[in-house]
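Engineer: If you number the sequence shown the way our numbering does, the last residue is 358 and the count never jumps.
Ideal Cβ positions, reconstructed from N, Cα and C, are used throughout, including at glycine.
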Amino acid sequence: MSKKVSIIGVATTYAGTVIGAGYASGQEILQYFLYFKEHTWLIVCLTTLLFFVFGYLPAWLAITLRTNSYIQAINPLNIKFLSLFCDLFITLSLFGTLVIMLSGAGATFEDKFGLPMFVGALVVCILLVINTYIGLNTIVKVMEIVIPIMFLGVAVVGIYSIVNPSNASEQEIANAAVNNSSLIWHWGISAVLYVAFNFQLALAVLVPLSDESKNNSTIFFGILLGAIMLGGCALFLSLVLKAHIVEVGTQRLPMIVLANNMSPFIGSLYAIILFCGLYSTAITCFYGSVERFKKIYKLQRTSSLIVITATALVGFFASLLGFKDLISIVYPLLGYGGIVIMLIILYAYFQVKTKKQ
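See the structure below:
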């Protein structure tokens with residue numbers, strides 16, 4: 002990796018790591034932003050601030066401590082319990098996200114193509130097993146193509162939907178039912194949890210990137226711009242979905258509903274784009290989970306197929322719980338664990354800052 006990392010490079014890497022199929026489906030935006038209606042703007046502002054703070058602090062620790070290990074960066078005192086907790090919980094986050102991506106694939110097949118939910122999840126599982134066992138040489142190239150197309154699809158459908166809002170009255174919009182999680186009871190908690198489960202996956206990218214750069218100014222402004230991009234995307238999708246909240250408030254895949262409003266062909270095209278986005282996120286999480294499980298059991302290549310297959314099977318059956326329900330249960334639980342990691346990062350920051358003085 003080049004040490005001449007640009008501000009734009011840091012920003013797009015950070016935003017690209019966090020933004021995935023969850024954004025493109027619209028379900029996360031419904032539950033974490035629009036459910037709290039008049040507080041949506043406050044949630045966007047708070048999430049933007051938290052994405053900056055908890056993106057920059059681990060990066061600052063990596064530069065200061067000269068390490069490319071996120072575990073060492075957020076636990077510089079090498080307290081074994083904290084290292085074990087972070088390692089296990091981030092592994093759990095990878096697997097939890099995998100399950101949700103599988104469920105999202107199943108929901109896409111069911112809603113758009115009329116196939117049973119398990120079909121979409123099973124197709125992805127089979128592809129994951131083959132892709133992971135053979136190797137991941139092509140996955141980066143696939144993501145380089147899929148992610149920009151996914152952004153373009155969201156932008157086109159979003160702009161069209163804002164320009165052509167629903168005919169619902171203000172009263173209907175105010176009283177519209179919106180998907181929500183029983184584990185999130187306050188708009189402030191919603192903002193914190195949203196960042197807490199999302200920033201964990203970015204740790205593994207930001208820490209080595211910061212160590213390679215060694216330029217605090219570039220990292221600072223890059224992460225700041227990345228946080229603004231993340232907040233901007235959340236705000237854009239909030240405006241898009243709010244313009245049609247009566248129609249999409251309780252849907253599993255609200256953005257596909259809006260794409261269908263443009264034309265059935267656009268709806269099918271968007272479903273394919275979303276499926277590819279789900280797969281790109283799933284393969285990243287699946288590969289990370291498998292590698293960690295293999296490391297725990299110290300397995301060789303011949304035995305690793307067992308772990309790969311077992312991980313896929315467990316993920317498949319867990320995904321049958323349903324996309325909407327999984328987002329309302331798994332993500333908040335991962336978020337509460339992520340809050341602990343946030344506190345560990347704050348503790349590490351003040352410890353290192355105090356020693357420097």
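So, helix, strand or coil for residue 77, using DSSP?
Structural biologist: What you label residue 77 is simply residue 76 of the sequence shown in a count that begins at 1. Residue 77 falls in the coil class under three-state DSSP.
Engineer: Span of the alpha helix (DSSP H) holding residue 33?
Structural biologist: Mapped onto the sequence shown, residue 33 falls at position 32. Residue 33 -> alpha helix (DSSP H) spans 28-33.
Engineer: For the alpha helix (DSSP H) that residue 6 lies in, which residues bound it at each end?
Structural biologist: Within the sequence shown, the letter at position 5 stands for residue 6. Neither: residue 6 is in no alpha helix (DSSP H) and is coded neither H nor E.
Engineer: Between which residues of its own chain and residue 2 is the CB-CB distance below 8 angstroms, once the five residues before and five after are set aside?
Structural biologist: Counting from one through the sequence shown, the residue named residue 2 turns up at place 1. Confidence at residue 2 is low in this model, with a pLDDT of 44, below 50, so the placement of that residue should be treated as unreliable; the coordinate-derived value is given next. Around residue 2: 209, 210 and 213.
Engineer: For residue 60 versus residue 207, is the C-beta distance shorter than 8 angstroms?
Structural biologist: Numbered from 1 along the sequence shown, position 59 holds the residue referred to as residue 60. Numbered from 1 along the sequence shown, position 206 holds the residue referred to as residue 207. Result yes, Cβ atoms of residue 60 and residue 207 sit closer than 8 angstroms.
Engineer: Alpha carbon to alpha carbon, how far is residue 56 from residue 368? Give it in angstroms, no decimals.
Structural biologist: Nothing in the structure corresponds to residue 368, since the chain is present only between 2 and 358.
Engineer: According to DSSP, is residue 122 part of a helix, a strand, or is it coil?
Structural biologist: As a working note, residue 122 is residue 121 in the sequence shown. Three-state DSSP puts residue 122 in a helix.
Engineer: Have a look at 39, 12 and 177 and flag the residue whose alpha-carbon is nearest the alpha-carbon of residue 252.
Structural biologist: Position 251 of the sequence shown holds residue 252. Among 39, 12 and 177, the Cα nearest to that of residue 252 belongs to 177.
Engineer: If you run the structure through DSSP and keep just helix, strand and coil, what is residue 179?
Structural biologist: One-based indexing of the sequence shown puts residue 179 at position 178. Residue 179: coil per DSSP, three-state reduction.
Engineer: Report yes or no: do the stretch 237-249 and the stretch 85-98 share at least 3 C-beta pairs separated by less than 8 angstroms?
Structural biologist: Short answer: they don't touch.
Engineer: Could you tell me whether the Cβ atoms of residue 119 and residue 105 are closer together than 8 angstroms?
Structural biologist: Along the sequence shown, one-based indexing puts residue 119 at 118. Along the sequence shown, one-based indexing puts residue 105 at 104. No, they are not a contact pair.
Engineer: Cα-Cα, which of 354, 49 and 185 is closest to residue 12?
Structural biologist: Start at 1 with the first residue of the sequence shown, and residue 12 comes out as number 11. Of the candidates 354, 49 and 185, the one whose C-alpha sits nearest the C-alpha of residue 12 is 49.
Engineer: How would you write the range of the alpha helix (DSSP H) that residue 350 sits in, first residue to last?
Structural biologist: Within the sequence shown, residue 350 is the residue found at index 349, counting from 1. Residues 324-357.
Engineer: Give the single residue among 202, 41 and 281 whose Cα lies nearest to the Cα of residue 233.
Structural biologist: Your numbering for residue 233 matches position 232 in the sequence shown. Ranking the options by Cα distance to residue 233, first place goes to 41.
Engineer: Is the beta carbon of residue 130 sitting closer than 8 angstroms to the one on residue 283?
Structural biologist: Translated into the one-based positions of the sequence shown, residue 130 becomes position 129. Translated into the one-based positions of the sequence shown, residue 283 becomes position 282. Not a contact, by the Cβ cut-off of 8 angstroms.
Engineer: Between residue 235 and residue 113, how many whole angstroms is the CB-CB distance? I'm expecting something under 8 angstroms.
Structural biologist: Looking up residue 235 in the sequence shown gives position 234. Looking up residue 113 in the sequence shown gives position 112. Going by Cβ atoms, the distance from residue 235 to residue 113 rounds to 24 angstroms, so no, they are not a contact pair.
Engineer: Spatial neighbours of residue 276 within its chain, please: C-beta separation below 7 angstroms, excluding the five flanking residues on both sides.
Structural biologist: Position 275 of the sequence shown, counted from the first residue, corresponds to residue 276. Once the five neighbours on either side are set aside, the close Cβ partners of residue 276 are 106 and 109.
Engineer: Within its chain, find whatever has a CB closer than 8 angstroms to the CB of residue 25; leave out the 5 residues flanking it on each side and keep chain order.
Structural biologist: Residue numbering aside, residue 25 sits at position 24 when the sequence shown is read from its first letter. Counting only Cβ-Cβ distances below 8 angstroms, and skipping sequence neighbours, we find 151, 154, 155, 256, 274, 275 and 278.
Engineer: Rounded to whole angstroms, what's the CA-CA distance from residue 322 to residue 261? Just pull it up for me.
Structural biologist: Along the sequence shown, read from residue 1 onward, the residue named residue 322 stands at position 321. Along the sequence shown, read from residue 1 onward, the residue named residue 261 stands at position 260. Spanning the two alpha carbons is a distance of roughly 25 angstroms.
Engineer: Could you tell me the alpha carbon to alpha carbon distance between residue 86 and residue 264, rounded to whole angstroms?
Structural biologist: Numbered from 1 along the sequence shown, position 85 holds the residue referred to as residue 86. Numbered from 1 along the sequence shown, position 263 holds the residue referred to as residue 264. Whole-angstrom Cα-Cα distance: 48 angstroms.
Engineer: Taking the straight line between their C-alpha atoms, what separation do you get for residue 14 and residue 52?
Structural biologist: Counting from 1 along the sequence shown, the entry for residue 14 is found at position 13. Counting from 1 along the sequence shown, the entry for residue 52 is found at position 51. The straight-line gap from Cα to Cα measures roughly 13 angstroms.
Engineer: Quick check on DSSP: helix, strand or coil for residue 255?
Structural biologist: As a position in the sequence shown, residue 255 is number 254, starting the count at 1. Helix.
Engineer: Can you confirm whether the stretch 72-88 touches the stretch 337-345 when touching is taken to mean that 3 or more C-beta pairs between the two stretches lie within less than 8 angstroms?
Structural biologist: A contact exists between the stretch 337-345 and the stretch 72-88.
Engineer: Give the range of the alpha helix (DSSP H) segment to which residue 239 is assigned.
Structural biologist: Taking the first residue of the sequence shown as position 1, residue 239 is located at position 238. Note, residue 239: alpha helix (DSSP H), 217-243.
Engineer: Tell me whether residue 129 sits in a helix, a strand or coil according to DSSP, three-state version.
Structural biologist: Your numbering for residue 129 matches position 128 in the sequence shown. It is helical.
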